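Heads up, the sequence shown is in UniProt numbering, so the first residue is 1 and it goes up one at a time. We put the CB at the ideal spot given by N, CA and C, even for glycine. These numbers were taken from a predicted model, which means no experiment stands behind them.
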Amino acid sequence: MKETFTTTCCYCGVGCGIKIQKDNAGTLQLSGDEDHPVNKGMLCSKGMNLHYTVMDKSDRLLFPQMRYNKNRPRQRVSWDAAIERIAAVFSTLIKKYGPDSVAFYVSGQCLTEEYYVANKLMKGFIGSNNIDSNSRLCMSSAVAAYKMALGEDSVPGCYDDIELADCIFVSGANPAWCHPILWRRVEAAKAANPNLKIIVSDPRQTQSCSLADVHLQLKPGTDITLHHAIGRILIENGDIDFDFIKNHAEGFKDYQKQVMQRSVEEAATICGVHASDLQKAAAYIGRSNGFITMWTMGLNQSVIGVNKNLSLINLNLITGQIGKPGSGPFSLTGQPNAMGGREVGGLANLLAAHKNLGNASDREFMQQFWGGTSISANTGYTATQMFEALNDGRLKAIWIMGTNPLVSLPNARIAEEALKKAKFVVVQEISNKPETLQYADVILPAAAWAEKEGTMTNSERRITYLNKITDALGEARPDAEILCHFAKKMGFEGFDYAHPSEIYDEHVRLTEGTHVDMSGLNYSILKAKRSVQWPYKKEEKGLGQQRLFIDRKFYTPSQKAIIHSFEDSNKSEQPSPAYPLILTTGRIRDQWHTMSKTGKVNKLKKHIANAYVEIHPEDAKTRKIKENDLVLVKSVRGEVRVNAKISASIREGVVFLPMHWGKILNRDLNRANNITNNLLDPISKEPDFKFSAVEVALYQKP
Ligand code: SF4
């Protein structure tokens, strides 16, 4: 006999529905859920092979482990002993150094319920805002930009808009590899509608460019100049929405003044593209009835990430292409539940239900609601700041859940030094693979994706319920259960949840009356409807709200969208004679983050098996580098040793490294973050992964 379960893919933010059949022997068979509105049965290579990561139990952490002294090996202990130790150390540190001496570093792969409990615990009971997520590394620039332009962090459109658009501008993203099912919908829309025009801007000619009517192969860091130039052409051609600008937006005059400062020809030279291609792109946008802008890390992961986002959103605002079918600025989230984390305020500068950390009455409300301690007005340490604070002693202890900072953080040696210096490190993980584990004083085994129930929210605000399909392995437990155990050991009240649904009920109650209102939701509704989109108010009977701002009223005090103006110069590390090339890092099609899951699936290694550096033929020639040669990619911070992949699809002067690899045991020579810089966007605190000055040279055996 076979049991059938529905769930959601736990890789990217597309949020595809999955069906799993389990037989009596516990063998799982997986297929795309034909009834799920996101993927309609389709799955990409990663999603299709997800069940292998559950069935392969060889690398699982099975029981808590602990060491009393950094010089001694860790030993198996009971759950109670492990949690008691963490509670004792956290209590001592908090008493001695204050609540800001401890921190939680969580993951966009946590379920919403887990995020909620972690946030409540740190902000509402420990009394610090030191909780941040690895989502800081991928979409915090978009969060800030949405808030600045639209008044709140709110994705205006939905995936169904893809089929209704007649122009899609993909800026700084490669969805064909990183959001594959979404891209298949774009491909199908293009096949069905030859009038649909696709514009891609990217320094690399990626797989997504194969669909492009125009590829703007810009120089890294010039996105704002490019967006401004298109804005200028739209204004000059009269292809803007005067009514929208007059009645529903602020700031147009300053924007117009700003974009007019640079001629299109000058902008084209700065960006390294043809002015005629800018004209072509602007013409596609100008004559479209439905215009979507779509972006991810190419804009977000930048020292000017928020402004890059705003400059793209401006194109939707000046053309009035927002709040109507087939249009809108659409930030694609990288992780499966980055959006759920935002809903519950799982970042150091947010409060639950999108309430405002800077607002005293919001903090007071949250304290009353949770019944804990007063909430600090100070923004907590963000992802990279946590590791800097461990390094200089401001932070004493860190609890890392479901993320591998030793590979994923920029200039990763900082994280490595930080974990060596930390007084106390807790790592909560499913696998014994992540490099970060070696620094753990306590290791807590967590239940994997299919071993717990809860919810996730995808890029289009769609909440899907995930079934528990199989029991957790060994003594592994769901993250929320672990955190509640700790909270109770600390003597905190309000963590006696009998079931994850009770956490969810508390979370949605908090959202009532806010723009992210989900007060009409509970597990029964989510199970019955399969998935819905927020807002979902009490009186809601349908499937939630597909689009926001259909009344053209925004969440700003004036109810108008804000067109922001700013200069276009890049603030990244500049190339020098010693480091003349620009490094950009990113993902490949069949691997996910630091490979702790996808690295277990042999089929996925067939696509690309090893780390490499992509380099232009001219750059390779001047350095006497041939295909597959072993080379060193160097920056002032360190080096990476990988094979060269010579390709004319990357701009001359730019090199690309995938971010997935990074084995410490192999002296981490293939870890891209050995050489990335640790500059941050001043507003979003998102790192500048797309721009570091490097040199490439043939590897010489010592
Ligand atoms: Fe999973 Fe994303 Fe692939 Fe869908 S597109 S199957 S969510 S990895």
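With respect to Pro64, Leu444 sits close: the two C-beta atoms are nearer than 8 Å. Taking all protein chains shown into account, Phe242 has fewer than 16 neighbouring C-beta atoms within 10 Å of its C-beta and is therefore exposed. Contact between Leu310 and His564 holds: CB atoms are separated by about 5 Å, below the 8 Å threshold.
For Cys9, the CB falls within less than 7 Å of some heavy atom of the ligand SF4. Between the C-alpha atoms of Ile503 and Leu111 there is a straight-line separation of about 11 Å. Gly238 counts as exposed, since fewer than 16 other beta carbons sit within 10 angstroms of its beta carbon. Secondary structure of Cys9 (DSSP, three-state): coil.
For the pair Leu137 and Glu614, the CB atoms are not nearer than the 8 Å cut-off. Within the segment 24 to 83, the complete alpha helix (DSSP H) segments of 4 residues or longer fall at 45 to 48 and 50 to 55, listed in chain order. Here Val601 has Asn49, Tyr52 and Thr53 as same chain residues with Cβ atoms under 7 Å from its own Cβ, once five neighbours each way along the sequence are excluded. Residue state for Leu548 is assigned as coil, using DSSP reduced to three classes.
For Glu614, the enclosing beta strand (DSSP E) starts and ends at Tyr612 to Ile615. Comparing alpha-carbon positions, the option among Asp517, Ile313, Asn610 and Asn432 lying closest to Asp223 turns out to be Ile313. DSSP lists no bridge partner for Arg185. Setting aside the 5 residues that flank it on each side, Glu364 has no residue in the same chain whose C-beta is closer than 6 Å to its C-beta.
Look at Pro180: its beta carbon is less than 7 Å from one of the heavy atoms in the ligand SF4. The three-state reading of DSSP puts Lys537 in coil, since its state is none of H, G, I, E or B.
In terms of side-chain proximity, the C-beta atom of Gly47 is found nearer than 7 Å to a non-hydrogen atom of the ligand SF4. Nearest C-alpha to Leu218 among Thr622, Ala611, Asn678 and Thr584: Thr584. For the ligand SF4, a non-hydrogen atom lies closer than 7 Å to the CB of Cys44. Per DSSP, the continuous alpha helix (DSSP H) segment holding Val264 begins and ends at Val264 to Cys271. Counting C-beta pairs closer than 8 Å gives fewer than three between the segment 242 to 256 and the segment 609 to 628, which falls short of the contact rule.
Exposure of Gly393 is indicated by the presence of fewer than 16 other C-beta atoms within 10 angstroms of its C-beta. The closest CA to that of Ile322, considering only Ala283, Phe549 and Pro682, is found on Phe549. Straight-line spacing of the CA atoms in Lys452 and Trp534 works out to 23 Å. Residue pairing by DSSP places Val636 in no beta bridge whatsoever. For Glu429, the secondary structure class from DSSP, reduced to helix, strand or coil, is strand.
Within the same chain, Cβ atoms closer than 6 Å to the Cβ of Val303 are found at Lys571, Ser572, Leu679, Asp681 and Asp688, the five residues on either side in sequence being excluded. Residues of the same chain with a CB within less than 8 Å of the CB of Asn670, apart from the 5 flanking positions on each side, are Asn610, Ala611, Val640, Arg641, Val642, Trp661, Gly662 and Lys663 in chain order.
Per DSSP, Trp370 is not a residue of any beta strand (DSSP E); the alpha helix (DSSP H) it occupies stretches across Ala360 to Trp370. The secondary-structure analysis by DSSP pairs Ala249 across a beta bridge with Ala561. A buried status is given to Arg232, since no fewer than 16 other beta-carbon atoms sit within 10 Å of its beta-carbon. Taking one beta carbon from each stretch, the segment 416 to 433 and the segment 398 to 406 have 3 or more pairs nearer than 8 Å; the two touch.
With a cut-off of 7 Å, the C-beta of Gly15 is classified as near the ligand SF4, since at least one heavy atom of the ligand falls inside that distance. In this structure, DSSP gives Asn314 a helical state, which the three-state scheme calls helix. In the DSSP annotation of this structure, Cys209 is not part of any beta strand (DSSP E), being labelled neither H nor E.
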